[in-house]
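Residue numbers (the working numbering): 8 to 180. Heads up, the thing below is written out as structure tokens.
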């Protein structure tokens, strides 16, 4: 898992460097000034790391009974983040005219934020599968090490968001 995360870090570093390199180089079209920091969505995503940790601890202590509620809350927080990102993109495309092909800013913005969103989506799909396994009685205390691998991935996605948020919504403006 650590090798996968190291590879993922490399990919995100490349996208972040590209975003920063091309920042301010668009001569036409919308600029980063049109962005509004998604504070609520960020709180949802970052809170999901805490609920993920509570889910893992619940699984270790009491099995599926202490796990599933926190797990589903983690899923809901992640899904809220992803849905909100979709609404942000709809606004940027329809109201601001910013598409991936509008200018360099659009290309790098959608590439970087989209890469992160894709990782959130992967985590959500894995959470749904795990919830399904739990409903079938296939997740128990003994499953904790496997669930911890997914939790590690989710924490990684959250940490990456802190960096992406800082670069795109704070430094980039």
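No residue lacks a Cβ here, since even glycine has one placed at the ideal position from N, Cα and C.
Would you mind reading off the limits of the alpha helix (DSSP H) that contains residue i?
i: residue 98; result: 75-101
i: residue 123; result: 111-142
i: residue 8; result: Here residue 8 belongs to no alpha helix (DSSP H), and DSSP marks it neither H nor E.
i: residue 160; result: 151-172
i: residue 35; result: First-last for residue 35: undefined, no H or E at that position.
i: residue 175; result: Residue 175 -> no alpha helix (DSSP H), and no H or E assigned at all.
i: residue 66; result: 46-69
Is it true that the CB of residue j sits closer than 9 Å to the CB of residue i?
i: residue 117; j: residue 107; result: yes
i: residue 48; j: residue 91; result: yes
i: residue 126; j: residue 174; result: no
i: residue 33; j: residue 165; result: no
i: residue 115; j: residue 29; result: yes
i: residue 169; j: residue 42; result: no
i: residue 104; j: residue 36; result: yes
i: residue 93; j: residue 134; result: no
i: residue 27; j: residue 178; result: yes
i: residue 109; j: residue 80; result: no
i: residue 40; j: residue 180; result: yes
Report the residue from the options whose alpha carbon sits nearest the alpha carbon of residue i.
i: residue 148; options: 21, 155, 70; result: 70
i: residue 172; options: 82, 158, 121, 29; result: 121
i: residue 143; options: 167, 165, 75; result: 75
i: residue 131; options: 23, 162, 101; result: 162
i: residue 8; options: 180, 51, 178, 160; result: 160
i: residue 137; options: 78, 95, 111; result: 78
i: residue 22; options: 146, 133, 111; result: 111
i: residue 82; options: 180, 139, 17; result: 139
i: residue 89; options: 102, 51, 59; result: 51
i: residue 141; options: 72, 39, 102, 95; result: 72
i: residue 38; options: 100, 155, 68; result: 100
i: residue 155; options: 11, 16, 67, 10; result: 67
Going by other Cβ atoms of all chains shown within 10 Å of its Cβ, with 16 needed for buried, is residue i buried or exposed?
i: residue 45; result: buried
i: residue 158; result: buried
i: residue 20; result: exposed
i: residue 98; result: exposed
i: residue 124; result: buried
i: residue 119; result: buried
Is the beta carbon of residue i within less than 8 Å of some heavy atom of the ligand GDP?
i: residue 52; result: Absent from the structure shown: the ligand GDP. Ligands present: none.
(request) Decide yes or no for the touch test of the segment 57-70 against the segment 137-151: beta carbon pairs closer than 8 Å, at least 3 of them. (result) The answer is yes - the segment 137-151 touches the segment 57-70, with three or more Cβ pairs under 8 Å.
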